[in-house]
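Protein chains in written order, with the numbering used here: chain W, 1 to 357; chain C, 1001 to 1357.
C-beta atoms are modelled at their ideal positions from N, C-alpha and C, and glycine is treated no differently.
Just so we're clear, the structure is a prediction, and the values are computed from it rather than from any experiment.
Okay, structure first, notes after.
Protein chains: 2
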Amino acid sequence: MRQLDPRVVEKRKRRLLQWVIHSYIKSSKPIASQDISEEAGLGLSSASIRNLLKELEDEGFLQQPHTSAGRIPTDKGYRFYVDYVTRLQRLAAEEKARIESEYASRVAEMDNILSQTSRLLSHVSHSAGLVLSPKMEKQHLKRLELIPLGGKQVLAVLVTQAGLVRHWPINLSFAPTASRVNMLNRFLNDHIQGKSIQEVQQSVEARIEQASREIQELGDLAGRLLKEMADFAQPAELYLDGTTNILAHPEEIGDPREMQSLIRVIEEKQALAEVLQRIVEESPEKGPRAMVRIGGETRRTELKNLSLVAATYRLNGEVIGVLGILGTKRMEYSRMMSLVSHVSEIVSRSLEHWSEE
Amino acid sequence: MRQLDPRVVEKRKRRLLQWVIHSYIKSSKPIASQDISEEAGLGLSSASIRNLLKELEDEGFLQQPHTSAGRIPTDKGYRFYVDYVTRLQRLAAEEKARIESEYASRVAEMDNILSQTSRLLSHVSHSAGLVLSPKMEKQHLKRLELIPLGGKQVLAVLVTQAGLVRHWPINLSFAPTASRVNMLNRFLNDHIQGKSIQEVQQSVEARIEQASREIQELGDLAGRLLKEMADFAQPAELYLDGTTNILAHPEEIGDPREMQSLIRVIEEKQALAEVLQRIVEESPEKGPRAMVRIGGETRRTELKNLSLVAATYRLNGEVIGVLGILGTKRMEYSRMMSLVSHVSEIVSRSLEHWSEE
DNA sequence: TACTAGCACTCACATATTTAGAGTGCTAAT
DNA sequence: ATTAGCACTCTAAATATGTGAGTGCTAGTA
């Protein structure tokens, strides 16, 4: 037999690797050379397959749980697999319908969309669903209103252009009259419109100086308001649902000690939020294409047994947050990537819709 | 030896049962007659203890996992134990301090208090923490304000006397002027103050009839507002945190199939919310005394492996919600009861504080 | 009558021992 | 370049064996 083109050989190896990982994801059992020979349709005997598997193992794509077991993917293997999964899986019609209807029914404000989205993702994926809200401080303000609650109390309500709403109570040292509050509202809204919180903090402070010469208490209140606003604006919120889905299959988690570590990951949203925040910041504006972080790729050992599928969502073309799912490494990447990017698309659209109107 | 007073005998039996259950909770191992004889200080030999244990088993308080094992409590046993635990355990000083500081630092609105509380309960108890919010429809209104967002959008913000805040967006068919919105705000607030949502729905509708003759669109808006308000007001919200704590110890959960059922419980907040809602409704006004539901006592088979420790919280003397923890049956009831009733007390106090000011 | 010592018995659990077979790596043949 | 064939390794399941924990019961004692 004459020598084969090396490119053909390489291509075959890739197909093999694909097939192995795909089967492993479906069956959760190590894949043996014989199965491949019989089912993969490569037209090679198990012995030849074994040779190829050996090579793939040496190259770090596969590994054996023990000497006489089939192969399972390494992180590098999964990575290869994911990078070559170009054809995203079509979502089942019913799932698609469900997703659409979820958003069609109630295009409420952003907060609702985000928390609903995280729940939705978790249900459809049977993994944990997560959504990182936009950072408040980067948001541009639409409206800041004080609502008098009687007595010395007022409620501050802040609405951003994206449709995020935050509210917090303020106890004053005096009982403001309705007209005072009105005046302050007008003053504030005249000056904050379209600015970010950071900007407001600076630009308004100067104006207050000036205004407070006229009306003493008004200045006090406004100053205080701004200070608390800053306090409040800090964290990007992480909506996380369905974490128990990850723990649902103890057999997936070899070591029971792993369990503990998984739980720690989940309970400490902080760390997760940071990983996600980094994604937002590093993300190019390009599209809703889902990205995948496999096991240790996040550099966080806590996540070494999990994979993250995430996509950013945008408002006015700008990336403002990220959403996705978190599950075991042995997940249906193709389907999850479809799901996540589809949802991110819808969320972006909903937000545009909201902020235009 | 002359015959013993039967009352003395009974008392001793109770003490024995207490001791057994207490030790089991601490050690998580079935309790043997010998251990009791040596450590419980009853001054009886293991043989005598065995006789007593037999009786207690016949009476349904204890059971054996298998023939030659020690005893563990039945639900009935736990019930007995809990009913006789009158002396609540003092919380550790540091925990107490932590709890206090948590509330001292930020007496924000009710929504915040509730979600923070559920997190707190979960952390301190190492179980799931839960808080059922008051039913919106029963709440009395303090304020209902429309905030114009520019264009045809307004944001409705509703504040109840208890300090619950809800907000939702409304898309109008026309762009309202600032003065129109002002007018409507005044109109609404004049008529809703102190009424419950249910009442408002009825009493205001009549007034709108009248008012809308004067200003057409105003009536439209108000009507729409009230309708959406009703939609919105339906569910009592359930804050649930730290559910993974329950799953943290797989060894506690004998059967891995149990795991699945546990997860289902947790994911379906609905069922849990109903159980809690019933507690609110059946609860007498009396005090913050913690109540305990052991295993199947809730009549819900999903909960048969868990116990619930809960206490109601009040506003102006009226029971408006419930909070507590959910964990395995083998929990430190005494400590949990202290914790829950203490927290319920603080929450009630915080709410009073808020609504007075 | 109230309690206890003592013993036979049961059963889970831990520890070997065996067996079966799954799957490999290598070699020799094509 | 590929494959048949075989020796080898290692797991997982099945079986055997021993040990000790803990009981129930009986007969005996204060």
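#### Entry: Length of the line joining the Cα atoms of P148 of chain W and W1168 of chain C
19 Å
#### Entry: 8 Å contact criterion, which L315 of chain W and L351 of chain W should meet: CB distance rounded
Here L315 of chain W really is in contact with L351 of chain W; their C-beta atoms are around 5 Å apart, less than 8 Å.
### Query
Do you know offhand how far A47 of chain W's Cα is from I21 of chain W's?
19 Å
### Query
Can you round the beta-carbon distance between Y239 of chain W and L130 of chain W to whole angstroms, since I take them to be within the 8 Å contact cut?
7 Å
### Cβ-Cβ distance between A236 of chain W and A271 of chain W below 8 Å
no
### Query
Who pairs with N1171 of chain C in a beta bridge, going by DSSP?
C:Q1153
### Task
With DSSP collapsed to three states, give me the class of T1117 of chain C.
helix
### Query
If we count the other Cβ atoms within 10 Å of its Cβ and call it buried at 16 or more, is L198 of chain W buried or exposed?
Rather than Leu, the amino acid found at residue 198 of chain W in this sequence is Gln. By the Cβ-count criterion, Q198 of chain W is exposed, with fewer than 16 other Cβ atoms from all chains shown falling within 10 Å of its own Cβ.
### Task
Please name the residue or residues paired with D1241 of chain C in a DSSP beta bridge.
Beta-bridge pairing links D1241 of chain C to C:G1129.
### Task
Could you please give the first and the last residue of the uninterrupted beta strand (DSSP E) stretch that includes I1147 of chain C?
L1141 to P1148
### Task
Spatial neighbours of L306 of chain W within its chain, please: CB distance less than 8 Å, with the 5 preceding and 5 following residues excluded, ordered by chain position.
Here the set comprises I246, L262, V265, G295, L326, G327, T328 and K329.
### Query
Leaving out the 5 sequence neighbours to the left and right, which residues in its chain are closer than 6 Å to I1192 of chain C when beta-carbon positions are compared?
L1141, L1144 and V1200
### Query
How would you write the range of the beta strand (DSSP E) that E1318 of chain C sits in, first residue to last?
E1318 to T1328
### Query
What residue from C:E1059, C:M1291, C:T1160 and C:L1114 has the CA that sits closest to T1074 of chain C's CA?
C:E1059
### Cutoff 8 Å: H22 of chain W Cβ touching any chain C Cβ
no
### Where L155 of chain W meets chain C, residues with beta-carbon distance less than 8 Å
E1109, R1143, V1157, V1159 and V1165
### Task
Please check if any C-beta of chain C sits within less than 8 Å of the C-beta of E267 of chain W.
For E267 of chain W, the answer is yes, since a Cβ of chain C falls inside 8 Å of its Cβ.
### Task
Could you tell me which of W:R7, W:R166 and W:A175 sits nearest to K152 of chain W, measuring between CA atoms?
Among W:R7, W:R166 and W:A175, the Cα nearest to that of K152 of chain W is on W:A175.
### Task
Please state whether DSSP places T312 of chain W in a helix, a strand or coil.
strand
### Task
May I have the straight-line CA-CA distance separating L1088 of chain C from R1079 of chain C, to the nearest angstrom?
16 Å
### Task
Kindly say whether L247 of chain W, judged by its beta-carbon, lies nearer than 8 Å to any beta-carbon of chain C.
For L247 of chain W, the answer is yes, since a Cβ of chain C falls inside 8 Å of its Cβ.
### Span separating the alpha-carbon of T1243 of chain C from that of T244 of chain W
8 Å
### Local conformation of R166 of chain W per DSSP, three classes
strand
### Message
Measuring alpha carbon to alpha carbon, tell me which residue in W:E109, W:E57 and W:G194 is nearest I1170 of chain C.
### Response
W:E109
### Task
Drop a sphere of 10 angstroms on the beta-carbon of H1342 of chain C, count the other beta-carbons inside from all chains shown, and report buried for 16 or more, exposed for fewer.
buried
### Pick from C:A1156, C:L1017, C:Y1313 and C:R1050 that is closest to E1281 of chain C, judged by C-alpha positions
C:Y1313
### Message
So, at 6 Å on beta carbons, what are the nonlocal neighbours of L1120 of chain C in its own chain, with the 5 sequence-adjacent residues on each side left out?
### Response
So the qualifying residues of the chain are E1102.
### Query
Is L1247 of chain C helix, strand or coil by DSSP?
helix
### Query
Alpha carbon to alpha carbon, how far is S133 of chain W from K1269 of chain C?
23 Å
### Presumed contact (8 Å Cβ cut-off) between L17 of chain W and G77 of chain W, rounded CB distance
7 Å
### Per DSSP, cross-strand counterpart(s) of P1073 of chain C
Per DSSP, C:L1062.
### Query
For V154 of chain W, which residues of its own chain have a beta-carbon under 6 Å away from its beta-carbon, when the five flanking residues on both sides are left out?
L146, P148 and I170
### Same chain, Cβ closer than 6 Å to A40 of chain W, five either side skipped, listed in chain order
W19
### Message
My output table needs one value for S1307 of chain C: the three-state DSSP class, helix, strand or coil.
### Response
strand
### Nearest candidate by alpha-carbon position, reference K1011 of chain C, set C:A1310, C:A1248, C:Q1260 and C:L1052
C:L1052
### Query
Cα-Cα, which of C:A1311, C:L1044, C:M1229 and C:Q1063 is closest to S1283 of chain C?
C:A1311
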